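Participant:
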Amino acid sequence: QLQLQESGPGLVKPSETLSLTCTVSGGSISSSSYYWGWIRQPPGKELEWIGSIYYSGSTYYNPSLKSRVTISIDTSKNQFSLKLSSVTAADTAVYYCARLRGGSYSKYYFDYWGQGTLVTVSS
Amino acid sequence: DIQMTQSPSTLSASVGDRVTITCRASQSISTWLAWYQQKAGTAPKLLIYKASSLESGVPSRFSGSGSETEFTLTISSLQPDDFATYYCQQYNTYSPYTFGQGTKLEIK
């Protein structure tokens, strides 16, 4: 059974960089069938897609966050990571990592999710 | 961005009821739509993809329909485990993927 687990600091100071890692178990992150992504959910609000990455390192990001986001992948560790720079209180959210499945016409949806990790931006 | 609008925002229903949640897209997305169920404090769970395809392991009382800009999620006979928040998501374009604001299904 595929499992994803987020890890990283739960508290980040304003203007600093948020860094999270997602460790994948029960499957290979190097599979050509899937993308991997990050989604966040501010408390009490809706879900927002942050960005996604392929095992080759190809990425695509939400234009609203693109200037501050970097997603990378480490196939040797079966992990992928998120960095979000210059954070403010508006970046306080539960951050989820997820697998994207699809393939038809390059249309992908989220089929497995991590449990999520709350990141609070505060001094 | 493609805006996804769900209605209603909150729905009160009883065990055994048939309920329908609507999701409207601001432009045509063909059938590239997914539905998720989220319970408090947990990650979303995929229920339906490609508008009407049931994810493996999801009970058959869940069904989806629609195309272009209007979609529905139907639960044929509500069970106690179904009280949760439901989200639709378009994946016609990844620039960006967008979700609806959610529909909270409450016990009447």
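Residue numbers (the numbering used here), protein chains in the order written: chain A, 197 to 319; chain U, 3 to 110.
Built from N, CA and C at the ideal position, the CB exists for glycine as well.
This structure is a prediction, so every number in the text was calculated from the model and none was measured.
Does DSSP put residue 302 of chain A in a helix, in a strand, or in coil?
Facilitator: Residue numbering aside, residue 302 of chain A sits at position 106 when the first sequence is read from its first letter. In the structure shown, residue 302 of chain A sits in a helix (DSSP, three-state: H, G or I).
Participant: Check the DSSP bridge columns for residue 7 of chain U and list the partner residues they point to.
Facilitator: As a working mapping, residue 7 of chain U is identified with position 5 in the second sequence. Beta-bridge pairing links residue 7 of chain U to U/26.
Participant: Using 8 Å for Cβ pairs, my map puts residue 233 of chain A next to residue 294 of chain A. What's the rounded Cβ distance?
Facilitator: Start at 1 with the first residue of the first sequence, and residue 233 of chain A comes out as number 37. Start at 1 with the first residue of the first sequence, and residue 294 of chain A comes out as number 98. Confirmed, Cβ separation roughly 5 Å.
Participant: Which same chain residues end up closer than 6 Å to residue 109 of chain U when comparing Cβ atoms and leaving out the 5 residues on each side of it in sequence?
Facilitator: Taking the first residue of the second sequence as position 1, residue 109 of chain U is located at position 107. These residues qualify, in order along the chain: 85.
Participant: I want to verify the contact list: residues of chain U whose CB lies under 9 Å from the CB of residue 259 of chain A, in sequence order.
Facilitator: Within the first sequence, the letter at position 63 stands for residue 259 of chain A. By Cβ distance, chain U contributes 3, 97 and 98.
Participant: Restricting to runs no shorter than 3 residues, where is the beta strand (DSSP E) found entirely within the segment 29-69 of chain U?
Facilitator: Segments of the beta strand (DSSP E) lying fully in the segment 29-69 of chain U: 35-40, 47-51 and 64-69.
Participant: Establish whether the CB of residue 198 of chain A and some CB of chain U are separated by less than 8 Å.
Facilitator: Position 2 of the first sequence, counting from 1, holds the residue named residue 198 of chain A. No - not a single Cβ of chain U is within 8 Å of the one on residue 198 of chain A.
Participant: Does residue 88 of chain U get closer than 8 Å to chain A when you measure Cβ to Cβ?
Facilitator: As a working mapping, residue 88 of chain U is identified with position 86 in the second sequence. Answer no: the Cβ-Cβ gap between residue 88 of chain U and chain A never drops below 8 Å.
Participant: In the DSSP assignment, find the unbroken beta strand (DSSP E) run with residue 225 of chain A in it and report its ends.
Facilitator: On the first sequence, position 29 is the one that residue 225 of chain A refers to. Looking at the DSSP string, residue 225 of chain A is not in any beta strand (DSSP E), and its letter there is neither H nor E.
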